[in-house]
Amino acid sequence: MVRYGNPFLGRYLRYAVFLLVLGILLPIMLIPGQTLLGLASIAAALLITIGFDLAVYWFCKYKAASFTKQEVRSMVPALITRSDWRGYFVTTDSYVLFVPILHKITFVSEWKRVKKFDMEGGYVELLVSKKIYNRSVHFIVAYPAKTYEELNRHTKEARVAVEV
Numbered sequence: 012m013v014r015y016g017n018p019f020l021g022r023y024l025r026y027a028v029f030l031l032v033l034g035i036l037l038p039i040m041l042i043p044g045q046t047l048l049g050l051a052s053i054a055a056a057l058l059i060t061i062g063f064d065l066a067v068y069w070f071c072k073y074k075a076a077s078f079t080k081q082e083v084r085s086m087v088p089a090l091i092t093r094s095d096w097r098g099y100f101v102t103t104d105s106y107v108l109f110v111p112i113l114h115k116i117t118f119v120s121e122w123k124r125v126k127k128f129d130m131e132g133g134y135v136e137l138l139v140s141k142k143i144y145n146r147s148v149h150f151i152v153a154y155p156a157k158t159y160e161e162l163n164r165h166t167k168e169a170r171v172a173v174e175v
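Under my numbering, the first residue of the sequence shown carries the number 12, and numbering increases by one thereafter.
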């Protein structure tokens, strides 16, 4: 198993750098003479940090909704470990899927096919049954508590539906 310090450090580093450079340092140097450019620099810092992440979030949400034809219930920033793709771990009423940001969707499964899951911190392992074999898929998620709630709720529902 590959150990990661914090796979989401790039996002926080981008926040810190852009807010520090464009939001604090540049306006301090520009405000004495050019207040309008200082305010534009602060707006650019906010747009680059928050706006970029919102645009990616909405794009992935649209991508998942159009792929499954269902409303998205939860989206958690995640990393799929076999390819180190960053994206979102998405759940709907019938499906669980990983939506990468710059690639095609490669993992989709119905909830009834998810046999079990194992969580260790932010590391998630799903055991998904296929027709002949079982497949193990590994993720690292940013919000383990939210992911655990969603997985626990759906796998219990799937087990009850299969037993009945």
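The beta-carbon is built from N, C-alpha and C at its ideal position, and this holds for glycine as well. From a predicted model like this one, the values you see are computed outputs, not experimental measurements.
Between histidine 114 and glycine 98, the alpha-carbon positions lie close to 9 Å from each other. A residue is called buried when at least 16 other Cβ atoms come within 10 angstroms of its Cβ; serine 77 does not meet this threshold and is exposed. Note on the stretch 57 to 122: whole beta strand (DSSP E) runs with a minimum of 3 residues are 85 to 91, 96 to 102, 106 to 111 and 118 to 121, in chain order.
Membership of arginine 124 in any beta strand (DSSP E) is not indicated, and neither H nor E is assigned to it by DSSP. Of Gly49, Ser94, Thr46 and Lys74, the smallest CA-CA separation from isoleucine 151 is found for Ser94. Taking a 10 Å sphere around the C-beta of tryptophan 69, we find fewer than 16 other C-beta atoms and assign the residue as exposed. In the structure shown, tyrosine 144 adopts coil according to DSSP, grouped into three states.
Residue environment for alanine 75: buried (at least 16 other C-beta atoms within 10 angstroms of its C-beta). For the pair tyrosine 134 and valine 87, the CB atoms are not nearer than the 9 Å cut-off. The beta carbon of isoleucine 59 sits closer than 6 Å to the beta carbons of Phe29 from its chain, once the five residues preceding and following it are set aside; these are given in chain order. Straight-line spacing of the CA atoms in leucine 33 and arginine 25 works out to 11 Å.
With respect to threonine 79, valine 139 sits apart: the two C-beta atoms are not nearer than 9 Å.
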